[in-house]
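**Q** Chains as they are written, first to last, in this note's numbering: chain A, 1 to 353; chain B, 354 to 677.
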Amino acid sequence: MSALFSAGPVREALISDLIVVLVLALFLAAGWAARRNEIWREALVGVLRRRRYSVLVLSLYVFVALLDSVLWVGGAHSVTSTGADKVALQEARSPLDRAFADSSEKSYSAPLSRVEFYDVSALARPGSHVFGTNVLGQDVLYLTIKGARVALLIGGLTSLIAIPLALFFGILAGYFGGRIDDVVFFVMSTLVSMPGILLLIALIMALGQSTFSVCVALGVTSWVGFCRLARGETMKLRELDFVAAARSLGVKDRVILVRHILPNLMHLVVITFVLMFSGLVLSEATLAWLGIGVNGSWGQMIAQAKDELSRDPIVWWNVVAAGAALFVLLLAVNRVGDALRDVFDPRTRGEKL
Amino acid sequence: MALEVEGLTTEFPLGDRRVPIVDDVSFVLPEGRCLALVGESGSGKSMTALSLLRLVPRPGRVTRGSIRLGGRELRHLSVPEIRHVRGHKLAMIFQEPQTSLNPVVRVGEQVTEAILLHERIGRGEARKRALGLFERVGIPEPGARFDYYPHQLSGGLKQRVMISMALSMRPEVLIADEPTTALDVTIQAQILALLRDLQGEFGMSILLITHDLGVVNQLADEVLVLYAGRVVEKAATNQLLSQPLHPYTRGLLDSLPGRRRPGERLYEIQGVVPSPLDWPRGCRFCTRCPEVFEPCAEQTPPLEAFSSEQSAACHARHRERPGT
Numbered sequence: 001m002s003a004l005f006s007a008g009p010v011r012e013a014l015i016s017d018l019i020v021v022l023v024l025a026l027f028l029a030a031g032w033a034a035r036r037n038e039i040w041r042e043a044l045v046g047v048l049r050r051r052r053y054s055v056l057v058l059s060l061y062v063f064v065a066l067l068d069s070v071l072w073v074g075g076a077h078s079v080t081s082t083g084a085d086k087v088a089l090q091e092a093r094s095p096l097d098r099a100f101a102d103s104s105e106k107s108y109s110a111p112l113s114r115v116e117f118y119d120v121s122a123l124a125r126p127g128s129h130v131f132g133t134n135v136l137g138q139d140v141l142y143l144t145i146k147g148a149r150v151a152l153l154i155g156g157l158t159s160l161i162a163i164p165l166a167l168f169f170g171i172l173a174g175y176f177g178g179r180i181d182d183v184v185f186f187v188m189s190t191l192v193s194m195p196g197i198l199l200l201i202a203l204i205m206a207l208g209q210s211t212f213s214v215c216v217a218l219g220v221t222s223w224v225g226f227c228r229l230a231r232g233e234t235m236k237l238r239e240l241d242f243v244a245a246a247r248s249l250g251v252k253d254r255v256i257l258v259r260h261i262l263p264n265l266m267h268l269v270v271i272t273f274v275l276m277f278s279g280l281v282l283s284e285a286t287l288a289w290l291g292i293g294v295n296g297s298w299g300q301m302i303a304q305a306k307d308e309l310s311r312d313p314i315v316w317w318n319v320v321a322a323g324a325a326l327f328v329l330l331l332a333v334n335r336v337g338d339a340l341r342d343v344f345d346p347r348t349r350g351e352k353l
Numbered sequence: 354m355a356l357e358v359e360g361l362t363t364e365f366p367l368g369d370r371r372v373p374i375v376d377d378v379s380f381v382l383p384e385g386r387c388l389a390l391v392g393e394s395g396s397g398k399s400m401t402a403l404s405l406l407r408l409v410p411r412p413g414r415v416t417r418g419s420i421r422l423g424g425r426e427l428r429h430l431s432v433p434e435i436r437h438v439r440g441h442k443l444a445m446i447f448q449e450p451q452t453s454l455n456p457v458v459r460v461g462e463q464v465t466e467a468i469l470l471h472e473r474i475g476r477g478e479a480r481k482r483a484l485g486l487f488e489r490v491g492i493p494e495p496g497a498r499f500d501y502y503p504h505q506l507s508g509g510l511k512q513r514v515m516i517s518m519a520l521s522m523r524p525e526v527l528i529a530d531e532p533t534t535a536l537d538v539t540i541q542a543q544i545l546a547l548l549r550d551l552q553g554e555f556g557m558s559i560l561l562i563t564h565d566l567g568v569v570n571q572l573a574d575e576v577l578v579l580y581a582g583r584v585v586e587k588a589a590t591n592q593l594l595s596q597p598l599h600p601y602t603r604g605l606l607d608s609l610p611g612r613r614r615p616g617e618r619l620y621e622i623q624g625v626v627p628s629p630l631d632w633p634r635g636c637r638f639c640t641r642c643p644e645v646f647e648p649c650a651e652q653t654p655p656l657e658a659f660s661s662e663q664s665a666a667c668h669a670r671h672r673e674r675p676g677t
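Written out as structure tokens, the structure is:
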């Protein structure tokens, strides 16, 4: 599971996922904006005050994802028990991989069990698997934690595709109206009129199955809602006096769009980003269930665990671990999103929630 | 630089018809003077101003007439040229200071950007000049207010910021679209005094758009009364206020409190302004006019000069008025 944007492991090189770094950069940008600008500071402080634990949980996810997205080759390789193989030595591994190196068993074992689940033979590391091990004997806790990076990747990369797309077309359509509006609206209506899941599957089939293509497909199918919102909001802003005032001072349309329209849409971008994020992670889980998800995602873990649920005795820890991780992330994201919406909504501003 | 407008007509398509919202409006605004456009809501005052800047909202269009600023025709300028004229030669301030400033940008920044728009100077220099303007338009503690957001300023201060922005490029003509309507009376007086001072100091002309005859009295040298898109009377301010010729102007003046004795009922002009779709064929005021007679409904009265300082468009001025 090497980094998305690395062209293959480079000896001793440090590699990391651009997207997870970008998500982190987004957090930092929010902090920086808050330092410079009272409006954002108020918003950030408001969210922090209302959703202290959700923000904490989110930060934890981002931190864990970051732990798994920084990779390098070399370092102490303690796979000597199986005989260090030459290929493994060339593999770039994250701090997380290193921490869980050598945690493999031969097959299923229940959480914190000292013996294997079916043949009751002794484990290599009894009692150390908090969430048990899966069919291949991999530590489920390890896989679950690794899923955080994949989830952020899906949510982050897809939003980064969908939101700029939606903003671009929404603002153009809303500001200029007429022909441009007709064309954009036609494209949006066409996209919406197709069953989403069918379009997703078709796109992923066409693009080939990879993390990137899943994100592109999700992005292409999910920008319409925000585009419509951005278009409507732009139409409203366009009629306001400060746009007329800017025009009467001889400001170019391009500058009006960037200086006057876009900054007034930023609160919507933030809210949409957060709310869209959880929807996208969930969509990926749906795709994974259909067998076209992203490798290593929680959706995939759940999909793989579906047969195990029908066994007797039941193998439940896979699906519970992945489901819980997904649930907690989505809950935290949604709660932060709600708080953001409240903070930016002048009608509920100042209310204690 | 004088602003000369001749036969300005701005039309909006409505169904299969084109309705002239501004119909054959002509005036001259000499350098350093103040001309007021007066009329009710929907009389075409604001549309006239927007036509001058070529900012008529779609699908409206200026279809006839000429707009000359210092002898240069503005109607056929290219887009970059007209953009240069906006702000640089013709600047505008708007009615609602609450919405005329970008809510998410600091006010000082907005004025600085306006300065940088047309001048090649450094940011620091522009900032310094913006601060000077803040001081000039009477913003107390300009240094501190510079970093405020619009919602942190009062309406009067916002209007002052707007004025400083409009002045930033030292325009030849300032179009003030109801600059005091949204402000309370004491602030109104201050803003009017400020405009008068600035007019003298910068030597600019002001095109004042208002429905408040008190404001007209304080600021304007000449008045243009608009009704349903047409000029009905044009006169020097004193002349108009003391001896209105058109029945509409007279009605407006009579409806002011203070013209009647205390206790007496105020005059009102009967009826409402007709919608542009049912404008009468002749004089557009004929449905509400107390002096209406035969030609009014059929023939459009031309704007005629009755003295060197006053002209009006009214058929009734040509017949013996009963009772006088």
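Virtual Cβ for every residue (Gly too), placed ideally from N, Cα, C.
Less than 8 Å between the C-beta atoms of residue 222 of chain A and residue 162 of chain A, yes or no?
**A** Here residue 222 of chain A refers to the residue found at position 222 of the first sequence. Here residue 162 of chain A refers to the residue found at position 162 of the first sequence. Contact flag set, yes.
**Q** Is there a Cβ of chain B sitting closer than 8 Å to that of residue 271 of chain A, yes or no?
**A** Counting from one through the first sequence, the residue named residue 271 of chain A turns up at place 271. Not an interface residue.
**Q** I believe residue 598 of chain B touches residue 586 of chain B by the beta-carbon criterion, under 8 Å. Please report the beta-carbon distance rounded to the nearest angstrom.
**A** For the purposes of this step, residue 598 of chain B is identified with residue 245 of the second sequence, where counting begins at 1. For the purposes of this step, residue 586 of chain B is identified with residue 233 of the second sequence, where counting begins at 1. 6 Å between Cβ atoms; contact.
**Q** Are the beta-carbon atoms belonging to residue 317 of chain A and residue 151 of chain A less than 8 Å from one another?
**A** Locating residue 317 of chain A in the first sequence gives position 317, counting from the first residue. Locating residue 151 of chain A in the first sequence gives position 151, counting from the first residue. Contact flag unset, no.
**Q** What separation, rounded to the nearest whole angstrom, lies between the Cα atoms of residue 490 of chain B and residue 357 of chain B?
**A** Mapped onto the second sequence, residue 490 of chain B falls at position 137. Mapped onto the second sequence, residue 357 of chain B falls at position 4. So the alpha carbons of these two residues sit roughly 28 Å apart.
**Q** For a contact defined as C-beta to C-beta under 8 Å, what are the partners of residue 313 of chain A on chain B?
**A** Locating residue 313 of chain A in the first sequence gives position 313, where the first residue counts as 1. Those do not exist, as residue 313 of chain A stays about 60 Å from chain B at its closest Cβ, beyond 8 Å.
**Q** Going along chain B, which residues have a C-beta under 8 Å from residue 39 of chain A?
**A** Here residue 39 of chain A refers to the residue found at position 39 of the first sequence. Those are 457, 502, listed as they occur along chain B.
**Q** Suppose the cutoff is 6 Å on Cβ atoms and the five residues either side in sequence are ignored; what does the same chain contact list for residue 603 of chain B look like?
**A** Here residue 603 of chain B corresponds to residue number 250 of the second sequence, with the count starting at 1. Only 597 meet the Cβ criterion.
**Q** What does residue 109 of chain A pair with, by DSSP beta-bridge criteria?
**A** Translated into the one-based positions of the first sequence, residue 109 of chain A becomes position 109. According to DSSP, which records beta bridges pairwise, residue 109 of chain A is partnered with A/133.
**Q** Flag this pair as yes or no: are the beta carbons of residue 242 of chain A and residue 416 of chain B separated by less than 8 Å?
**A** Against the first sequence, residue 242 of chain A aligns to sequence position 242. Against the second sequence, residue 416 of chain B aligns to sequence position 63. Contact flag unset, no.
**Q** Any chance the region 323-339 of chain A sits against the region 499-518 of chain B, with 3 or more Cβ pairs inside 8 Å?
**A** Short answer: they don't touch.
**Q** For residue 175 of chain A, I'd like the list of residues in its chain whose CB is within less than 7 Å of its CB, leaving aside the five on either flank, ordered along the chain.
**A** Along the first sequence, one-based indexing puts residue 175 of chain A at 175. 234, 238, 257, 261.
**Q** Taking a Cβ distance cut-off of 9 Å, strictly less, list which residues of the region 233-248 of chain A are near chain B, in chain order.
**A** From the region 233-248 of chain A, only 239, 240, 241, 242, 243, 244, 245, 246, 247, 248 have a Cβ closer than 9 Å to chain B.
**Q** Please classify residue 342 of chain A as buried or exposed, where buried requires at least 16 other C-beta atoms within 10 Å of its C-beta.
**A** As a first step, residue 342 of chain A must be located in the first sequence, where it is residue number 342. With 16 or more other Cβ atoms within 10 Å, it is buried.
**Q** Under 8 Å Cβ to Cβ from residue 579 of chain B, same chain only, skipping five residues before and after it: list those, please.
**A** The residue you call residue 579 of chain B lines up with position 226 of the second sequence. Excluding positions up to five away in sequence, the list reads 378, 390, 391, 392, 396, 397, 398, 401, 585.
**Q** Which residues in chain B sit within 8 Å of residue 252 of chain A, going by Cβ to Cβ distance?
**A** Working through the first sequence from its first residue, we reach residue 252 of chain A at position 252. Correct list: 436.
**Q** In the region 217-254 of chain A, which residue ranges form an unbroken alpha helix (DSSP H) of at least 4 residues, counting only runs that do not cross its ends?
**A** With a minimum length of 4 residues, the continuous alpha helix (DSSP H) runs that stay inside the region 217-254 of chain A are 224-238, 241-248.
**Q** Return helix, strand or coil for residue 511 of chain B, following the three-state DSSP convention.
**A** Position 158 of the second sequence, counted from the start, is the residue given in the question as residue 511 of chain B. Residue 511 of chain B: helix per DSSP, three-state reduction.
**Q** With a cut-off of 8 Å, does the C-beta of residue 513 of chain B fall near any C-beta of chain A?
**A** For the purposes of this step, residue 513 of chain B is taken as the residue at position 160 of the second sequence. By this cut-off, residue 513 of chain B is not an interface position.
**Q** Going by DSSP, name the residue or residues bridged to residue 146 of chain A.
**A** Residue mapping note: residue 146 of chain A aligns to position 146 of the first sequence, counting from 1. Answer is none; residue 146 of chain A lacks a bridge partner.
**Q** Buried or exposed: residue 236 of chain A, going by 16 or more other Cβ atoms within 10 Å of its Cβ?
**A** Within the first sequence, the letter at position 236 stands for residue 236 of chain A. Exposed, since its Cβ has fewer than 16 Cβ neighbours within 10 Å.
**Q** Which parts of the region 379-419 of chain B are runs of the alpha helix (DSSP H), unbroken and 4 residues or longer, counting only runs that do not cross its ends?
**A** Runs of the alpha helix (DSSP H) inside the region 379-419 of chain B: 398-405.
**Q** Give a yes or no on contact between the region 564-572 of chain B and the region 435-452 of chain B, applying the rule of three or more CB pairs nearer than 8 Å.
**A** Judged by Cβ distances under 8 Å, the region 564-572 of chain B makes no contact with the region 435-452 of chain B, as fewer than three pairs qualify.
**Q** Within the region 542-622 of chain B, note down every full beta strand (DSSP E) run reaching 3 residues or more, in order along the chain.
**A** 558-563, 575-580, 583-589, all fully within the region 542-622 of chain B.
**Q** Measure from the alpha carbon of residue 509 of chain B to the alpha carbon of each residue in B/546, B/431, B/482, then state which is nearest.
**A** Taking the first residue of the second sequence as 1, we reach residue 509 of chain B at position 156. It is B/546 whose Cα lies nearest to the Cα of residue 509 of chain B.
**Q** To the nearest angstrom, how far is the alpha carbon of residue 605 of chain B from that of residue 369 of chain B?
**A** Sequence index remark: in the second sequence, residue 605 of chain B carries index 252 (1-based). Sequence index remark: in the second sequence, residue 369 of chain B carries index 16 (1-based). One C-alpha to the other measures close to 34 Å.
**Q** Would you list, in chain order, the members of the region 184-202 of chain A that have their beta-carbon closer than 7 Å to a beta-carbon of chain B?
**A** So the list is empty, because no residue satisfies the distance condition.
**Q** So if I threshold CB-CB distances at 7 Å, which residues from the region 358-386 of chain B count as touching chain A?
**A** Going along the region 358-386 of chain B in chain order, one finds no residue with a Cβ nearer than 7 Å to chain A.
**Q** Expressed to the nearest angstrom, what Euclidean distance is found between the alpha-carbon atoms of residue 527 of chain B and residue 559 of chain B?
**A** The residue given as residue 527 of chain B occupies position 174 in the second sequence. The residue given as residue 559 of chain B occupies position 206 in the second sequence. If you take the alpha carbons of residue 527 of chain B and residue 559 of chain B, they lie about 5 Å apart.
**Q** With respect to the beta strand (DSSP E) encompassing residue 445 of chain B, which residues constitute its N-terminal and C-terminal limits?
**A** Here the question's residue 445 of chain B lines up with position 92 in the second sequence. Start and end: 443-446.
**Q** Using only alpha-carbon positions, find the residue among A/197, A/165, A/270 that is nearest to residue 23 of chain A.
**A** Within the first sequence, the letter at position 23 stands for residue 23 of chain A. Checked all of A/197, A/165, A/270; the closest Cα to residue 23 of chain A is A/270.
**Q** What are the boundary residues of the alpha helix (DSSP H) that includes residue 313 of chain A?
**A** Indexing the first sequence from 1 puts residue 313 of chain A at position 313. Careful: residue 313 of chain A lies outside any alpha helix (DSSP H) and carries neither H nor E.
**Q** Where residue 562 of chain B and residue 388 of chain B are concerned, what is the direct C-alpha to C-alpha distance, given to the nearest angstrom?
**A** Reading the second sequence from its first residue, position 209 is the one you call residue 562 of chain B. Reading the second sequence from its first residue, position 35 is the one you call residue 388 of chain B. Using only the alpha carbons, I get a separation of about 9 Å.
**Q** Throw me the rounded Cβ distance for the residue 507 of chain B and residue 464 of chain B pair, which I believe falls under 8 Å.
**A** Mapped onto the second sequence, residue 507 of chain B falls at position 154. Mapped onto the second sequence, residue 464 of chain B falls at position 111. No, residue 507 of chain B and residue 464 of chain B are not in contact; Cβ-Cβ is about 17 Å, not under 8 Å.
**Q** Heavy atom of the ligand GTP less than 7 Å from the Cβ of residue 186 of chain A, yes or no?
**A** Of ligands this structure carries none, so the ligand GTP is not represented either.
**Q** Note down, in chain order, every chain A residue with its Cβ under 9 Å from the Cβ of residue 471 of chain B.
**A** Stepping through the second sequence from its first residue, residue 471 of chain B is reached at position 118. Near residue 471 of chain B (Cβ distances below 9 Å), the residues of chain A are 249, 250.
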